[in-house]
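Since the structure comes first, as structure tokens, the remarks are kept for the end.
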Amino acid sequence: MNENIENTPEIPEIIKIKCEGIEALFQKYITKLADPLNDERNKNNFSIMDISALANIKIDCIYKQENNEEIYNLILHINPTIYKKLNNDTEKKKRIIDIIEFILNRIKQAFNIEKINFQIEQQISYEQILEPKNTLIINGIKGTPQYTFDNFIVDTSNELAYHYIKNIAENKLRDGLTVLLYGPTGLGKSHLLHAMINEMKQHYEGVVNFYTGEIFFSEVMDAFRKKETYIFREQQIEADMLIIDDLHFALKKANEGFISFYNNILNERINRQKWTLLTTDRHPEDYIFDIVNDTVKEYYETLIQNNTDIQTLNLYIPVRDGTTIKYKLHASFVSRLLSGMVLEIVKPTFMAKKRFFWSRLSSKYLNKDYRLTEEENRLIDIFISEVSSDFRYLNGIVNKVGFRILNEKISLKEALIQSIKDYSNFEIDDIIVNRHVEEKSLKLIIEKLLNGLPYTYERLFSTKRINPELKKIRDLIFYILMEKYFYKQKQLAQVFNTDITTIWRARKNIEKIIEKQQDEETIKLYNKLINNVYN
Numbered sequence: 000m001n002e003n004i005e006n007t008p009e010i011p012e013i014i015k016i017k018c019e020g021i022e023a024l025f026q027k028y029i030t031k032l033a034d035p036l037n038d039e040r041n042k043n044n045f046s047i048m049d050i051s052a053l054a055n056i057k058i059d060c061i062y063k064q065e066n067n068e069e070i071y072n073l074i075l076h077i078n079p080t081i082y083k084k085l086n087n088d089t090e091k092k093k094r095i096i097d098i099i100e101f102i103l104n105r106i107k108q109a110f111n112i113e114k115i116n117f118q119i120e121q122q123i124s125y126e127q128i129l130e131p132k133n134t135l136i137i138n139g140i141k142g143t144p145q146y147t148f149d150n151f152i153v154d155t156s157n158e159l160a161y162h163y164i165k166n167i168a169e170n171k172l173r174d175g176l177t178v179l180l181y182g183p184t185g186l187g188k189s190h191l192l193h194a195m196i197n198e199m200k201q202h203y204e205g206v207v208n209f210y211t212g213e214i215f216f217s218e219v220m221d222a223f224r225k226k227e228t229y230i231f232r233e234q235q236i237e238a239d240m241l242i243i244d245d246l247h248f249a250l251k252k253a254n255e256g257f258i259s260f261y262n263n264i265l266n267e268r269i270n271r272q273k274w275t276l277l278t279t280d281r282h283p284e285d286y287i288f289d290i291v292n293d294t295v296k297e298y299y300e301t302l303i304q305n306n307t308d309i310q311t312l313n314l315y316i317p318v319r320d321g322t323t324i325k326y327k328l329h330a331s332f333v334s335r336l337l338s339g340m341v342l343e344i345v346k347p348t349f350m351a352k353k354r355f356f357w358s359r360l361s362s363k364y365l366n367k368d369y370r371l372t373e374e375e376n377r378l379i380d381i382f383i384s385e386v387s388s389d390f391r392y393l394n395g396i397v398n399k400v401g402f403r404i405l406n407e408k409i410s411l412k413e414a415l416i417q418s419i420k421d422y423s424n425f426e427i428d429d430i431i432v433n434r435h436v437e438e439k440s441l442k443l444i445i446e447k448l449l450n451g452l453p454y455t456y457e458r459l460f461s462t463k464r465i466n467p468e469l470k471k472i473r474d475l476i477f478y479i480l481m482e483k484y485f486y487k488q489k490q491l492a493q494v495f496n497t498d499i500t501t502i503w504r505a506r507k508n509i510e511k512i513i514e515k516q517q518d519e520e521t522i523k524l525y526n527k528l529i530n531n532v533y534n
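Numbering-wise, the sequence shown is residues 0 to 534 according to numbering that gives the first Met the number 0.
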């Protein structure tokens, strides 16, 4: 990239444009643009960004009156994304330079500033506006390198979101949409966004603005304070992709001005079919705020007292909850958030949590060829069943287990036993992983398999004789434990105090039924149990 472009000065202060105030604003621009030329040390630092902003401002106030649609449309594309827009079209570059020169000449004529010599051809050479080697320009968050699609744990809880975001990153989808990812915190929404950015760096051409909800809210408020909302709005609209992670943090602080401003940006991006990716911790229709900005709260309470028609409001609708007033998002605003693709990420399955835990632990704290023992595998089952589904929380536990292994010089088994003590109510012997632990692990898994069915662990595995119906369920569970959880016949026989032949016979019976599809009722029951494995 040309050094002059890399060292581009900040865009000068912009006020909201009105035609009657154009001359005062242009005076600021002339001073700004003239300073580098009047200072020999900065002679070659003429700002393309300044010219871009200037050209954008001239659109409504001058070029619509010129009735030259070709020039008007061309000017619309002069902005900080100029590097991408021009590509290698020499003729277009020449036309743009001519247009910029025309604009500046109009300014000089208006203010009779003959001493200023902008020397457009000299200061803005074709080389200065060539597309840089890295054609993905990222403003804001750059994308955390360790988040990739390869290390994202995919299962039924998130697979649709995963494949859709991956398709965006690989440029397989044409028209841009508003994409909303929602679900509880810590389930991988941010991971997907960062993975997308990291993938796009390899081949994507364009400008991406990437914010957290808090930073976006802060930037908008800062633009209001500095009277720079025009340029900030244009930057968000012109960007090829706008990403706001954890938008709910902004919504909790928002006021009417913010929502109106954001609505304007979102509507324009929808009309232009540009990608806008948002994440929230729940479905927008479910947002009920107990506490909002004090000014907003006072404003709405006044409206309620005056019996104002709340359907005309843009941000919140007050809701009475006894003597308390709560707030929910206005339906018109929600509809815009839901106008494109809505993707839910739910709590991960047991197996997804286990894969996450083991992949992080083995890659960071164990040798790459480490192999789990049966005892360690059972301990991990207990541990995963007890802890939160939040991947961030689980990652913190991984770090704690790993630290114990490295710092205390103990085995993985010992570290797991200690961690189970920390995070659960199990009573575990420090030295021996005994049959009690094995049974605890199996009981948790079996109770999960029986979820939603009219059977209990105690009833199925009591010492009393059971009827044929319960025996069929028990045989199915033995089969699933061996096929899906990789328990061995000997392990199951020891825990349930039965002989290996009983376990073997159960497995063979179910295998035969599944293979030949000969018992519709058993197949249906098997499918219910399998669904519980992955939910």
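Where is the CB? At the ideal position from N, CA and C, for every residue including glycine.
Since this is a predicted model, take the numbers as computed values, not measurements.
C-beta contact flag for phenylalanine 231 and alanine 222 at 7 Å: Yes, these two residues count as a Cβ contact at 7 Å.
Mapping the DSSP letters down to three states, classify phenylalanine 148 as helix, strand or coil. DSSP, reduced to helix, strand and coil, places phenylalanine 148 outside both helices and strands of the structure shown, so it counts as coil.
Assigned secondary structure, isoleucine 409 (DSSP; H/G/I helix, E/B strand, else coil): In this structure, isoleucine 409 counts as coil in the three-state DSSP scheme.
Where does asparagine 208 fall in DSSP's three states? In the three-state reduction of the DSSP assignment, asparagine 208 falls in the strand class.
Test item: CB-CB of threonine 521 and isoleucine 529 under 7 Å: No, the pair does not count as a contact, with Cβ atoms beyond the cut-off.
Return the CA-CA distance between proline 453 and isoleucine 479, expressed in angstroms with no decimal places. Straight-line measurement puts the Cα of isoleucine 479 at about 18 Å from the Cα of proline 453.
Backbone secondary structure at leucine 365 - three-state DSSP: Looking at leucine 365 - three-state DSSP - the assignment turns out to be coil, as it is neither helix nor strand.
Would you check if the distance between the CB atom of valine 219 and the CB atom of proline 283 is smaller than 7 Å? Their beta carbons are not under 7 Å apart, which means valine 219 does not touch proline 283 by this criterion.
Locate the beta strand (DSSP E) running through valine 341, then write down its first and last residues. From DSSP, the beta strand (DSSP E) with valine 341 extends over 340-343.
Extent of the continuous beta strand (DSSP E) run through leucine 179: Counting along the chain, leucine 179 sits inside the beta strand (DSSP E) bounded by residues 177-181.
Which residues bound the alpha helix (DSSP H) around threonine 501? Looking at the DSSP string, the run of the alpha helix (DSSP H) that includes threonine 501 is 499-515.
Suppose the cutoff is 6 Å on Cβ atoms and the five residues either side in sequence are ignored; what does the same chain contact list for lysine 442 look like? Excluding positions up to five away in sequence, the list reads Tyr456.
Assuming alanine 492 and isoleucine 499 form a contact by the criterion Cβ under 8 Å, report the distance between their Cβ atoms to the nearest whole angstrom. About 5 Å separates the two Cβ atoms, so the contact holds.
Assign asparagine 543 to one of two classes, buried (16 or more other C-beta atoms within 10 Å of its C-beta) or exposed (fewer than that). Here the chain has residues from 0 to 534 only, and residue 543 is not among them.
With H, G and I counted as helix, E and B as strand and the rest as coil, what does DSSP make of isoleucine 140? In this structure, isoleucine 140 counts as coil in the three-state DSSP scheme.
What does aspartate 221 pair with, by DSSP beta-bridge criteria? Bridge partners of aspartate 221: none, in fact.
Phenylalanine 485 burial status per 10 Å Cβ neighbour count (16 or more: buried): Answer is exposed; the Cβ neighbour count stays below 16.
Aspartate 174: buried (16+ other C-beta within 10 angstroms of its C-beta) or exposed? Flag for aspartate 174 reads exposed.
Where aspartate 518 falls: helix, strand or coil (DSSP): Aspartate 518: coil per DSSP, three-state reduction.
Could you round the C-beta distance between threonine 551 and aspartate 245 to whole angstroms and report it? I think they count as a contact, below 8 Å. There is no way to answer for residue 551, as the model of the chain reaches only from 0 to 534.
Taking lysine 507 as the reference, give the member of Lys523, Lys471, Thr497 and Gln490 with the closest Cα. Of Lys523, Lys471, Thr497 and Gln490, the residue nearest in Cα terms is Lys471.
Taking the beta strand (DSSP E) that threonine 275 belongs to, which residues open and close that run? Where threonine 275 is concerned, the enclosing beta strand (DSSP E) stretches over 274-279.
So for leucine 415, helix, strand or coil by DSSP? In this structure, leucine 415 counts as helix in the three-state DSSP scheme.
Excluding the five sequence neighbours on either side, which residues of its own chain have a C-beta within less than 7 Å of the C-beta of isoleucine 167, listed in chain order? Cβ within range, chain order: Met195 and Trp274.
Pick from Tyr146, Leu449, Glu158 and Leu159: whose alpha carbon is nearest that of asparagine 197? When each option's Cα is compared against that of asparagine 197, the closest is Tyr146.
Is the beta carbon of valine 207 less than 7 Å from the beta carbon of isoleucine 137? Isoleucine 137 is positioned such that its CB atom lies closer than 7 Å to that of valine 207.
Where the beta strand (DSSP E) containing leucine 159 begins and where it ends: Counting along the chain, leucine 159 falls outside any beta strand (DSSP E), though it belongs to the alpha helix (DSSP H) covering 158-168.
Restricting to Cα atoms, I'd like to know which of Tyr229, Asp239, Thr348 and Lys225 is closest to asparagine 157. From the listed residues Tyr229, Asp239, Thr348 and Lys225, the smallest Cα separation to asparagine 157 is found for Thr348.
Starting from leucine 571, follow the beta strand (DSSP E) in both directions and report where the run begins and ends. The chain is shown only over 0 to 534; residue 571 falls outside these bounds and no answer can be derived.
Have a look at leucine 172 and isoleucine 444 and give me their C-alpha separation to the nearest angstrom. Cα atoms of leucine 172 and isoleucine 444: separation of roughly 40 Å, rounded to the nearest angstrom.
Backbone secondary structure at glutamine 201 - three-state DSSP: Here glutamine 201 sits in coil by DSSP.
First and last residue of the alpha helix (DSSP H) that includes lysine 252? Per DSSP, lysine 252 belongs to the alpha helix (DSSP H) from 247-252.
Hey, methionine 575 and leucine 176: beta-carbon distance below 7 Å or not? Outside the modelled stretch of the chain, which goes from 0 to 534, sits residue 575, for which no answer is possible.
Answer with buried or exposed for phenylalanine 390, where buried requires no fewer than 16 other C-beta atoms within 10 angstroms of its C-beta. Burial is judged here by how many other beta carbons sit within 10 angstroms of a residue's own beta carbon; phenylalanine 390 has at least 16 and is buried.
Own chain residues within Cβ distance below 8 Å of isoleucine 152, not counting five before or after: Cβ within range, chain order: Gly187, Pro347, Ala351, Arg354, Phe355, Ser358 and Phe390.
What's the call for tyrosine 181, buried or exposed, on a 16-neighbour Cβ count within 10 Å? By the Cβ neighbour-count rule, tyrosine 181 is buried, with 16 or more other Cβ atoms within 10 Å of its own.
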